[in-house]
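Data first, discussion second: the structure below is written as structure tokens.
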Amino acid sequence: MKFRILLIVFILSSALTACGGGAPDAIVEISGAWARPALAGSDAGVYMALFNHATKVDFITGGAAEIADAVELRLVMIDGNQMQMLRQDQIKLPANTDFFLRTGSYHIMLISLKQDLVSGDTFEMTVHFENSPDASITVTVIDQ
Ligand SMILES: [Cu+2]
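See the structure below:
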């Protein structure tokens, strides 16, 4: 009898562990997504906080936005007083921790905007990951 109760407890706890307490087993949470004001035809960086809740690394592999011709991953490199943006195939998200896309570092670049980005506006875009489901996010245009 005691053994049976232990067995049930074991099965329940395994089920909870397997699904991470109710969340899918691979999930990246995104918050505070923003972009600077920009004119149609130009490019704009998108910045955000990500939290990889998984127990293994994940990677941002790209994105999609209806308001731009293309979406690329970039890294700003400063060499002396030269600033370069290097295209990245992916951006690594360490397991179970925060990672920030920010100015002067890793970011998502919207290429050739189809519309102006005006302070206070919002737009939708999708971020793709290696292991997690696509994330649909709302980006706020902030003049900062
Ligand atoms: Cu850029």
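Position 102 of the sequence shown, counting from 1, maps to 278 under the numbering used here, and the rest follow consecutively.
Beta carbons: idealized from backbone N, C-alpha and C, even for Gly.
Inset, instruction - Compute the distance between the beta-carbons of residue 246 and residue 286, then report whether it is under 9 Å. - result: yes
Inset, instruction - Report all residues for which the CB-ligand distance to some heavy atom of ligand 1 is below 6 Å; order them along the chain. - result: 221, 250, 261, 283 and 285
Inset, instruction - Return no unless some Cβ of chain B is closer than 9 Å to the Cβ of residue 272. - result: No chain B is present in this structure, which holds just one protein chain.
Legend entry - Proximal residues to residue 233 (C-beta, below 7 Å), its chain only, five neighbours per side dropped: 268, 269, 270 and 271
Inset, instruction - Quick one: residues in its chain with C-beta nearer than 6 Å to the C-beta of residue 261, no 5 flanking neighbours on either side, listed in chain order? - result: 250 and 252
Inset, instruction - Return the Cβ separation of residue 239 and residue 289 in integer angstroms, given the expectation that the two are a contact with Cβ distance under 8 Å. - result: Not a contact, Cβ separation roughly 14 Å.
Inset, instruction - Put residue 203 into one of helix, strand or coil per three-state DSSP. - result: coil
Inset, instruction - Within its chain, find whatever has a CB closer than 8 Å to the CB of residue 294; leave out the 5 residues flanking it on each side and keep chain order. - result: 213 and 317
Inset, instruction - Please classify residue 232: does DSSP put it in a helix, a strand, or coil? - result: coil
Inset, instruction - Identify, in the order they occur along the chain, each residue of the same chain with its Cβ nearer than 7 Å to the Cβ of residue 280, setting aside the five sequence neighbours on each side. - result: 252
Legend entry - Reduced DSSP secondary structure (H/G/I, E/B, other) of residue 278: coil
Inset, instruction - For residue 198, name the three-state secondary structure that DSSP assigns. - result: Interpretation of residue 198 is limited by its pLDDT of 46, a score under 50 that renders its predicted location unreliable; no figure is taken from the coordinates.
Inset, instruction - Below 6 Å CB to CB, which residues in the same chain sit around residue 215 once its five sequence neighbours on both sides are set aside? - result: 292
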